[in-house]
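Below is one structure, written out as C-alpha cells; comments come after it.
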Amino acid sequence: MAVPCTLITSCAAGFPGEELVKRITGEEELPEHMAAESGARFYPWMIDNKYYSAAIHLCVVANMFQVTAEIAESIQAFLIYFDSTAISGLDAVSQWLPLIED
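Position in the sequence shown (from 1) plus 1050 gives the number in this note's numbering.
This is the structure we're talking about:
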C-alpha cells in the first residue's frame, strides 16, 4: 500500500505549492523530496501529536497532468491555495473540480 498523500497545489501566481509545504512543516528550508516522472514532488512528513502519529507525503503538483493514477489512489487530502483578494481568485480552482469529484 502506498504512503498516504496530501495533494498540494497553488493557483496564485507568486505563491508556489512548496511555500505551503514550508508553512505546514514549520521549516524555513524544504525537506529533501522525491520526484515522480510526472513532475510531482513528494515531501515526507511525520504527523505526530497527542492523538496519533502518521507518516505521509506532501505531494506538490503544478497542474492536474502531474497527478498520475497511482498518486490519485493515495490522496487522502487536497490543499489548494488561491488568492482570495482577487475577484477571479476561485476561477483557477474550478479546473481542479473534476479531480475532486472522481
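Every residue gets a Cβ at the ideal spot worked out from N, C-alpha and C, and that includes glycine.
Across the structure, C1055 and A1136 are spaced so that their CA atoms are roughly 29 Å apart. Annotation: the continuous beta strand (DSSP E) that includes V1110 extends over S1103 to V1110. Look at I1097 here: in three-state DSSP terms it is strand.
Counting along the chain, L1070 sits inside the alpha helix (DSSP H) bounded by residues G1067 to T1075. Its chain contains A1052 as the residues whose beta carbon lies nearer than 8 Å to that of E1123, once the 5 sequence neighbours on both sides are disregarded; these appear in chain order. Taking the C-beta atoms as reference points, W1146 is found no nearer than 8 Å to M1096. Annotation: L1129 is outside any alpha helix (DSSP H); the continuous beta strand (DSSP E) that includes it extends over I1125 to Y1131.
For I1137, there is no enclosing alpha helix (DSSP H), as DSSP gives it neither H nor E. Here DSSP, grouped into helix, strand and coil, assigns S1144 to helix.
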